[in-house]
Amino acid sequence: MGMPGKRPAMIFTVAIDGPAAAGKGTISRAIAERFGFAHLDTGLLYRAVGVMGGDPVAAARNLTPHDLTRDDLRSLGAGQAASRVATLPAVRAALTEFQRRFARSPGGAVLDGRDIGTVICPQAEVKLYVTATPEVRAKRRWLELGGQSGPDSLDAVLAQVIERDARDMGRADAPLRPSDDALVLDTSSMTIDEAVAKACDTVAQRLSA
Ligand code: C5P
Numbered sequence: 390m391g392m393p394g395k396r397p398a399m400i401f402t403v404a405i406d407g408p409a410a411a412g413k414g415t416i417s418r419a420i421a422e423r424f425g426f427a428h429l430d431t432g433l434l435y436r437a438v439g440v441m442g443g444d445p446v447a448a449a450r451n452l453t454p455h456d457l458t459r460d461d462l463r464s465l466g467a468g469q470a471a472s473r474v475a476t477l478p479a480v481r482a483a484l485t486e487f488q489r490r491f492a493r494s495p496g497g498a499v500l501d502g503r504d505i506g507t508v509i510c511p512q513a514e515v516k517l518y519v520t521a522t523p524e525v526r527a528k529r530r531w532l533e534l535g536g537q538s539g540p541d542s543l544d545a546v547l548a549q550v551i552e553r554d555a556r557d558m559g560r561a562d563a564p565l566r567p568s569d570d571a572l573v574l575d576t577s578s579m580t581i582d583e584a585v586a587k588a589c590d591t592v593a594q595r596l597s598a
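So that you can map any letter, position 22 of the sequence shown is 411 in my numbering, and since no number is skipped, the others follow by simple counting.
What follows is the structure, given as C-alpha cells:
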C-alpha cells in the first residue's frame, strides 16, 4: 500500500535494439526527451569495459558511472573493442543488474543496445528493432566521423560495420536479433525525423492503451 494520496511513479520501459549506426541513439534520445524518460546507451558500458584494458570481467564488475564519461568511448576502435568483450558471458552477466535497475527508473526509461528486448528487459512495454542496410549505416557513420579518406574512409567504415554485425549477430550469448514481439523499423529509406516520429507514435499508443 502506498501513502494515501501518493501514486507510485510509473515504471515503463522502452527497449531499442539494432545494429551499429542504424539510428538507435537519435531515436532513444528523442523518446527520452519527448516523454521525460531516463535514457541509457548500453553500448557505453561495453565500450568503457573494452577501452579499459586488463581483465575485462574485473573491469565490468568494477565499472562506475564516471567510467561512462570518458571522451574516447565513441571512436571506431572503442566500438571494436566493445564488440570483442561483449562476446564474454561473464562480462555480460556483470552488466545485467545495472541495466535492469535502470530500466525500472521511476517515471520511465529507454535503453538502447543489442539485447535489451531479448535478454535484459523481455517484459519491456515497447520494443523496437531499428535497422538499415550496412551501406546506409556505414555512410551515416562515415559522415559523422567527418567524411574522411585514409584509415576512416567509407570503405574502411563499411568493412568495420560488416565485421561488427557478424560478431554481434554470431555470438553464442545474447546475439543481436529482433525479439518476436519487437516492431522492426527499417530506416534505410527514411529521414531521421520520419523514424523518430514513427518511434514516438508507437510509445504514445502504448502509453495511452
Ligand atoms: O551501440 P554501440 O555501437 O555503442 O555498441 C558497441 C558494442 O557493444 C556493440 O557492437 C556490441 O558488441 C556491444 N553491445 C552489446 N550489447 C548491448 C550494447 C552494446 O553487446 N546491449
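Every residue gets a Cβ at the ideal spot worked out from N, C-alpha and C, and that includes glycine.
Quantities reported herein were computed from a predicted structural model and do not represent experimental measurements.
Residue pairing by DSSP puts His428 in a beta bridge opposite Val499. In this structure, the ligand C5P has a non-hydrogen atom nearer than 7 Å to the beta-carbon of Ile505. Shown here, Ala404 sits in a strand according to DSSP, grouped into three states.
In the structure shown, the three-state DSSP call for Asp541 is helix. Per DSSP, Val515 lies in no alpha helix (DSSP H) segment; the continuous beta strand (DSSP E) that holds it begins and ends at Val515 to Thr520. Assigned with DSSP and collapsed to three states, Asp590 falls in helix. By the 16-neighbour rule on beta-carbons within 10 angstroms, Gln488 is buried. For the pair Arg560 and Thr476, the Cα-to-Cα distance works out to about 6 Å. By the neighbour-count criterion, in which a residue is buried when 16 or more other Cβ atoms sit within 10 angstroms of its Cβ, His428 is buried. From the listed residues Asp569, Thr591 and Pro408, the smallest Cα separation to Gln469 is found for Pro408. Within the same chain, and ignoring the five residues on either side of Asp461 in sequence, the residues whose Cβ sits closer than 8 Å to its Cβ are Val440 and Ala467. Taking the Cβ of Tyr435 as the reference point, at least one heavy atom of the ligand C5P falls within a distance shorter than 7 Å. Going by C-alpha positions, Arg526 is about 49 Å away from Gly394. Assigned with DSSP and collapsed to three states, Asp554 falls in helix.
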